[in-house]
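Residue numbers (our numbering): 192 to 487.
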């Protein structure tokens, strides 16, 4: 129980307490906690998930600017999971009673060991173990998923990670949404116009550490003959070894593009003025890099 873990528990909130005026159903109770770091500072936007005894998620959310979380849930036994970037996840249990207030107290997260960074030198993207995908809104309701099948990239890791650089080239004609007619339209002059603009290119300009395993990689994306500055929200996943013993580094990254920024302005409207294709495109990357070999 949390009371044994933390030595803190406040059960059965009084009418005049901090929960006064909070409407709680007769069959429910209130659970609260505060998430702090090793020096007792609050951890804001820590993610918490409450699951029932069967392992089903009951609710989830984030802590407030003071590291606090408050939830009204049906009476019963729960598992609590708390995670935050750069910290080791916490798991515990608690019992919520009808009409009661279970105060978990302070959940102290410990700093997670950071994965080792790649060695300085030249690396390259392994396209067979990487993916560049995208998601677009369709008819204001559904989402269309696609990817680019052909791409190559080089990464130069600096002595300091902030001094690193990356260059990626994508074959525009390799766009693939699983529907031939749609892909042909995307390759046409209405969209990518691959006959005139055969590639998309990204040149990084800076790597900025955002804490923990998070990095912001900012650079210029050239698409449809237009260059714009974008930022990849990147999560570094660490180093590992492949089947042949080779060293590999891995990361995930996301960003959002707006078609109009790159003069991709084709559009048709459906009934009631709904756009057939959304303006925003979500980009998702799963990338593995390996040390560059001596081949030409």
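Note that the Cβ used here is the ideal one computed from N, Cα and C, for glycine as well.
Minimum C-alpha distance to residue i - residue among the options
i, options, result
"residue 477", "303, 278, 319", "319"
"residue 327", "473, 375, 483", "473"
"residue 430", "440, 421, 475", "440"
"residue 456", "436, 435, 414", "414"
"residue 259", "243, 268, 232", "232"
"residue 434", "475, 402, 481", "481"
"residue 368", "334, 262, 425", "334"
"residue 237", "410, 255, 372, 271", "255"
"residue 222", "452, 424, 262, 345", "262"
"residue 388", "290, 376, 417", "417"
"residue 295", "226, 350, 308", "226"
"residue 484", "309, 372, 218, 313", "313"
Close beta carbons around residue i, own chain, < 7 angstroms, minus the five adjacent residues each side
i, result
"residue 385", "363, 364, 378"
"residue 152", "Because the chain in this structure spans residues 192 to 487, residue 152 falls outside the shown range and cannot be described."
"residue 240", "248, 251, 272"
"residue 374", "366, 367, 368"
"residue 370", "none"
"residue 215", "221, 263, 290"
Close beta carbons around residue i, own chain, < 6 angstroms, minus the five adjacent residues each side
i, result
"residue 356", "347, 395"
"residue 470", "449, 450"
"residue 336", "326"
"residue 359", "344, 393"
"residue 407", "399, 401, 422"
"residue 269", "241, 285"
"residue 463", "For residue 463, the predicted model reports a pLDDT of 47, less than 50, meaning its position is unreliable and no value from the coordinates is stated."
"residue 452", "419"
"residue 397", "409"
"residue 353", "398"
Helix, strand or coil at residue i according to DSSP, with G and I counted as helix
i, result
"residue 453", "helix"
"residue 271", "strand"
"residue 265", "strand"
"residue 253", "strand"
"residue 493", "For the chain, the structure presents residues 192 to 487; residue 493 sits outside this window and is missing."
"residue 396", "strand"
"residue 300", "coil"
"residue 364", "helix"
"residue 435", "coil"
"residue 276", "coil"
"residue 232", "coil"
"residue 305", "coil"
"residue 353", "helix"
"residue 381", "coil"
"residue 482", "strand"
"residue 474", "strand"
"residue 416", "coil"
"residue 222", "strand"
"residue 200", "Its pLDDT being 38, under 50, residue 200 is placed unreliably in this model, and the coordinates cannot settle the point."
"residue 430", "strand"
"residue 445", "strand"
"residue 404", "coil"
"residue 386", "coil"
"residue 217", "coil"
"residue 293", "strand"
"residue 440", "strand"
"residue 369", "coil"
Same chain, Cβ closer than 8 angstroms to residue i, five either side skipped, listed in chain order
i, result
"residue 306", "404, 427, 428, 429, 430"
"residue 479", "316, 317, 320, 321, 439, 440, 441"
"residue 213", "221, 263"
"residue 566", "Given that the chain is displayed from residue 192 to residue 487, the structure contains no residue 566 and the question cannot be resolved."
"residue 376", "382"
Review point. Is the region 445-452 touching the region 281-293, taking contact as three or more C-beta pairs under 8 angstroms?
Key: no
Practice item. Indicate whether the contact test is met: 3 or more Cβ pairs, each with one atom in the region 290-301 and one in the region 262-277, closer than 8 angstroms. Key: yes
Review point. What are the uninterrupted segments assigned as beta strand (DSSP E) that are 3 or more residues long and contained completely in the region 310-348, given in chain order?
Key: 312-316, 322-329, 333-339, 342-348
Review point. Pairing CB atoms from the region 246-254 with CB atoms from the region 284-297, are three or more of them under 8 angstroms?
Key: no
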